[in-house]
Every structure is written in C-alpha cells, then in structure tokens.
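*Asks:*
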C-alpha cells in the first residue's frame, strides 16, 4: 500500500499555461471556433484529475479588432465548464497581432511550461499529455504538435490536400519534418521569455525563423504526431487570394535570409518553390483525395484552384524580389554555457 501514492504522484501532469489568440477567430466561420472551444473543454476535463494544478488558459485579443464580450459569450454557449476546469483569463490588448499576442501571453505565464494554441484549432484526445510528455527530458526546450486542416466542402478539402499541413495518414512524415507551428506547440516558459518569436517583416514566418535559431544554437526540440489538433480551413476564395499573396512576400523574405541575396537567385527560388508546391499538391489531390472525401470528378477543379493559389503566390514572390530590399538577420546568439551538453534532435514516436 505504501507504493500506491508514489505511483499516483508519478502520473501527475505538470501545471501549464495555455495561450490562445483571438485573431484567427475573426476570419473563420464561427462553427470552427466553437468546435475548438468545445474540444479544449473536453480535453481539459479528461486530464483534470491528473493535473498538479488547474491549467491557466489565457485568451488574448486586440481591442481594435474584436467586439468586447464576444469571447465570454462564446465560451458560455459552447464550453461553459471551462471556467471551472481552468483558471480562465480573457485579456484585452491594444493593437497586438498574432505572434505578438503569443509572445505577450507567455511573458505573463507563471508555470514552467506554456502551450500555444490557436483559437480555431480543436485539440484531439490525448493532446495535452502528449504535447508536454517530452519535457521529461530537462534539455527539451520546445515541442511541436501535429496539425491537420479541417475539411467539409470542396475548397477546404482542396486545401487539406494542398496546404502546408500534413494529412492524418502522414504522421510518420510529420515527426521527421524540422518545423514547428505556433498554432499547436509547447515551450519552456523561461526559455521562451528570453527567446520570443522575432519581430520580422513577414506575415507567417516568425515561428520558422525562431526554430531555425533555436536549432542553430544547439537547443533541443521535437515533434509528436500524438498531440493533434484540427485547424479551421481558409474562409473563402477572397481570403485565399490575400493569403497566397502574403505567402509569396514571406517566401521571398525567407529566400533572402536563407538561400540567396541576389535578386536573380530570389527569382529562381520563387520558381522552384512554385513548381514544387504545385507538383506536390497535384500529386496529393489525385493520390489522397479519398482521405478527405474529395470525389474524383472534383479533382481536376481542385488542381486548378491549387494552381491559381500558388500562381498568385509566385506573382507576389517575384514582385517582392524586384521591389523589396532587406537587411540580413544577425547570427544566432551563442548557447548559454549552463546548457553546454551536445544537442540532438529527438523525435517522439508516432
């Protein structure tokens, strides 16, 4: 009987802070935000008996873009138990956008571990425990989860097959990719507070450059396919046009910082990316269409939509290569001497 308390204590999960921005929720259909909140409530309820303390959940929003009270009303309608299961905080900010909201939320965290979750990403069973499990290694600084795109109509099915997120069937591929997405990841709070997402002239590349810096400095991170979320799809064709254009601008910035400083080289980088993405998306549309319920007769149209999306991105990237100039990023800061152990990238089995 004396061993039972020890076994029980060993199963306790550490206290965490979950930071959720309310920027994505502005654009997507309400049903996806509601599904995300409901799923989070179910996930917290399932692990609550094993938590060392109630998790703190912080919703952050920009007062210039979000109607006051909308988060409270949505929670009351779709996840009323969340306020009892967690220490819930709904915090207004003045003008902060996606990555700055993440940085600000974690800067206020009091727990050893912090989790980033998007307002339109629905955690699946086992998400929280599997996302924080790798931190049993004291050298682990960050853990990335597995995000798939929700799909319920022609457009969303097309982009589930064409977008950057892997399919459910691609779990093994996911854990081998050296990427981390700010919509579903966990970090050591103190480390991230000292090393937040950088402020870059890019729309959606901060997490990629952050991970590149972390890896170059020898810190450990990993990905796990067992911490899965279902992310809302892109909300309509007009949004996709804008998203494709911004993707092109971001890709050109990435080309300059990671591949080539010459404008001609940036042109070549743009065409290489375009060809690779179109080829990959067309292959997945034909080979994996059944996985997301895309009928065969709709696949040629899906291929055309994908071609158009990446074509707009190509135009944005080429335009940026012609018109924009950048300054090189400074080299990564040296790794702290206190963590001088040789680094290796560990992967959690799928």
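In my numbering, the protein residues as written are 16 to 365.
For every residue, glycine included, the Cβ atom is placed at its ideal position computed from N, Cα and C.
1) Spell out whether any CB of chain C is found under 8 Å from the CB atom of residue 111.
2) What is the rounded straight-line gap between the Cα of residue 229 and the Cα of residue 311?
3) Counting pairs of Cβ atoms below 8 Å between the stretch 215 to 224 and the stretch 254 to 266, do you hit three or more?
4) Would you list, in sequence order, the uninterrupted alpha helix (DSSP H) runs of no fewer than 4 residues that lie entirely inside the stretch 138 to 170?
5) Look up residue 76 in the DSSP assignment and say whether it is helix, strand or coil.
6) Need the endpoints of the beta strand (DSSP E) that residue 202 sits in, please.
7) Classify residue 357: buried if its beta carbon has 16 or more other beta carbons within 10 angstroms, exposed otherwise.
8) Please list the segments of the beta strand (DSSP E) lying wholly inside the stretch 73 to 117, counting only runs of 3 or more residues, in order along the chain.
9) Looking only at its own chain, which residues have a Cβ that is under 8 Å from the Cβ of residue 184, when we skip the five neighbours before and after it?
10) For the stretch 279 to 291 and the stretch 157 to 167, state whether three or more C-beta atom pairs, one from each stretch, are separated by less than 8 Å.
11) Evaluate contact between the stretch 112 to 121 and the stretch 83 to 103, counting only Cβ atoms and requiring at least three cross-stretch pairs below 8 Å.
12) Just verifying my parser: in three-state terms, what is the DSSP assignment at residue 31?
13) Could you compute how far the alpha carbon of residue 45 sits from the alpha carbon of residue 203?
14) Between the alpha carbons of residue 300 and residue 175, how many angstroms are there, rounded?
15) Would you give the residue range spanned by the alpha helix (DSSP H) that residue 62 belongs to?
16) In this structure, does DSSP put residue 325 in helix, strand or coil?
17) For residue 223, which residues from the same chain have a beta carbon less than 6 Å from its beta carbon, with the 5 sequence-adjacent residues on both sides left out?
18) Mind checking which residues open and close the beta strand (DSSP E) that includes residue 235?
19) Of all the options 132, 243, 128, which has the alpha carbon lying nearest to the alpha carbon of residue 152?
20) So, for residue 273: in the same chain, excluding its five sequence neighbours on each side, which residues have a beta-carbon less than 8 Å away from its beta-carbon?
21) In chain order, what residues of the same chain have a beta carbon less than 6 Å from the beta carbon of residue 15, not counting five sequence neighbours either side?
22) From the DSSP output, in three-state form, read off residue 135 for me.
23) Relative to the C-alpha of residue 232, which candidate in 350, 240, 98 has its C-alpha closest?
24) Do you know offhand how far residue 234's Cα is from residue 28's?
25) Contact check, residue 367 vs residue 77 under 8 Å by CB: the rounded distance?
26) Can you give the Cα-Cα distance for residue 321 and residue 309, rounded to whole angstroms?
27) Could you check what DSSP says for residue 340 in three-state terms: helix, strand or coil?
28) To which residues of the same chain is residue 26 closer than 7 Å at the C-beta, ignoring the five residues directly before and after it?
29) Between residue 237 and residue 158, is the Cβ-Cβ spacing less than 8 Å?
30) Since residue 128 sits in a beta bridge, which residues does DSSP pair it with?
31) To the nearest angstrom, how far is the alpha carbon of residue 208 from that of residue 123?
32) Between the alpha carbons of residue 197 and residue 132, how many angstroms are there, rounded?
33) Starting from residue 39, trace the alpha helix (DSSP H) both ways and give me its first and last residue.
34) Consult DSSP for residue 306 and reduce its assignment to one of helix, strand or coil.
35) Which ranges does the alpha helix (DSSP H) cover as unbroken runs of at least 4 residues, wholly within the stretch 259 to 319, from first to last along the chain?
36) Using the Cβ count rule (16 or more neighbours within 10 Å means buried), how would you classify residue 252?
*Replies:* Concretely, from the data shown:
1) No chain C appears in this structure, which consists of one protein chain only.
2) 43 Å
3) yes
4) 142 to 147
5) strand
6) 199 to 203
7) Only weak support exists for where residue 357 lies, its pLDDT of 37 falling under 50; the value from the coordinates is given anyway. That one is exposed.
8) Taken in chain order, the unbroken stretches of beta strand (DSSP E) that lie wholly in the stretch 73 to 117 and span 3 residues or more are 102 to 108.
9) For residue 184, the CB contacts under 8 Å within the same chain, skipping 5 residues up- and downstream, are 303, 306 in chain order.
10) no
11) Result no; under three Cβ-Cβ pairs closer than 8 Å.
12) strand
13) 32 Å
14) Going by C-alpha positions, residue 300 is about 9 Å away from residue 175.
15) 45 to 62
16) In this structure, residue 325 counts as helix in the three-state DSSP scheme.
17) The beta carbon of residue 223 lies closer than 6 Å to none in the same chain, with the five residues before and after it left out.
18) 235 to 246
19) Comparing alpha carbon positions, the residue from 132, 243, 128 closest to residue 152 is 128.
20) Here the set comprises 227.
21) Since the first residue shown for the chain is 16 and the last is 365, residue 15 is missing from the structure and cannot be characterised.
22) Residue state, collapsed to three classes: coil.
23) 350
24) 24 Å
25) Since the first and last residues shown for the chain are 16 and 365, residue 367 lies out of range.
26) 14 Å
27) Residue state, collapsed to three classes: coil.
28) 65
29) yes
30) Its beta-bridge partners are 31, 203.
31) 9 Å
32) 7 Å
33) 39 to 42
34) helix
35) 278 to 303
36) It is exposed - the Cβ of residue 252 has fewer than 16 other Cβ atoms within 10 Å.
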